[in-house]
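Below is one structure, written out as structure tokens, with a few remarks after it.
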Amino acid sequence: MDRRCPKARAGHWRQKSVPRDNPTEPLFAFFNEIGIIEQLSRAMMEARLPNGLIVPHFSVINHLIRLGDGRTPLEIARAFQVPKTTMTHTLSGLERHGLVRTAPNPNDARSKCVFITAEGRTFHQNAINALGPVFAKMTNAIPSDDIAAVLPLLTRVRAYLDENRDTV
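Numbering (the working numbering), first residue to last: 133 to 300.
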């Protein structure tokens with residue numbers, strides 16, 4: 133007797149759960165796709181990171197490279213919208229691996245500033261390079277021009293959500 137579950141049609145739940153004339157349906161579908169992409173890309177990235185390091189570690193290094201280091205743990209925590217204790221834990225992992233260093237904050241003796249080390253910059257570049265073969269394979273299925281075409285929209289959505297993070 134075959135007890136396997138029958139195959140479900142992709143998207144079947146969406147057809148039944150949200151009426152077609154619902155104006156929020158495209159937004160839900162948009163953010164649903166982003167969520168799935170986030171999960172898949174996280175797994176893809178973590179498979180290529182050195183042992184003991186996860187995407188939040190890479191994300192903090194990437195944030196500091198993109199916006200400049202010398203930020204306080206509280207500033208970084210606010211940027212990622214996580215509790216300071218969570219960010220402190222993430223930063224301690226980065227520090228243990230020699231990817232960041234902390235120094236006293238010259239403006240506030242009660243806090244410290246976070247700086248990327250040379251090893252941290254190398255880690256960042258190596259992580260990006262490790263994705264090269266995956267990205268090359270992906271461009272065979274999805275042309276780079278198609279990806280580039282959606283970047284302005286994604287940038288606008290990110291900017292809107294960032295500017296309205298306390299109200300959305």
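The beta-carbon is built from N, C-alpha and C at its ideal position, and this holds for glycine as well.
Quick caveat: nothing in here was measured; it's all calculated off a predicted structure.
Check whether residue i and residue j have beta carbons under 8 Å apart
i: L181; j: F190; result: yes
i: P265; j: T222; result: no
i: I208; j: I248; result: no
i: T204; j: K244; result: yes
i: I186; j: H256; result: no
i: K216; j: L206; result: yes
i: T234; j: V246; result: yes
i: H195; j: A211; result: yes
Local Cβ density within 10 Å of residue i, reported as buried at 16 or more and exposed below that
i: R228; result: exposed
i: T156; result: exposed
i: R297; result: exposed
i: G252; result: buried
i: Q291; result: Residue 291 is actually Ala in this sequence, not Gln. Per the 10 Å Cβ criterion, exposed.
i: L231; result: buried
i: V282; result: exposed
i: A259; result: buried
Under the three-state DSSP convention, the category residue i falls into
i: A241; result: strand
i: V214; result: coil
i: A262; result: helix
i: V300; result: coil
i: A291; result: helix
i: P205; result: helix
i: A235; result: strand
i: I248; result: strand
i: L181; result: coil
i: I274; result: coil
i: H195; result: helix
i: A281; result: helix
i: N154; result: coil
i: W145; result: Low confidence applies to W145: its pLDDT is 49, below 50, so where it sits in the model is not reliable, and the reading given next is rough at best. Reduced to three states, the DSSP call for W145 is helix.
i: I186; result: coil
i: G167; result: helix
i: H221; result: helix
i: H229; result: coil
Beta carbon proximity, residue i to chain C, threshold 8 Å
i: S173; result: Although the question refers to chain C, the structure presented lacks it and comprises just one protein chain.
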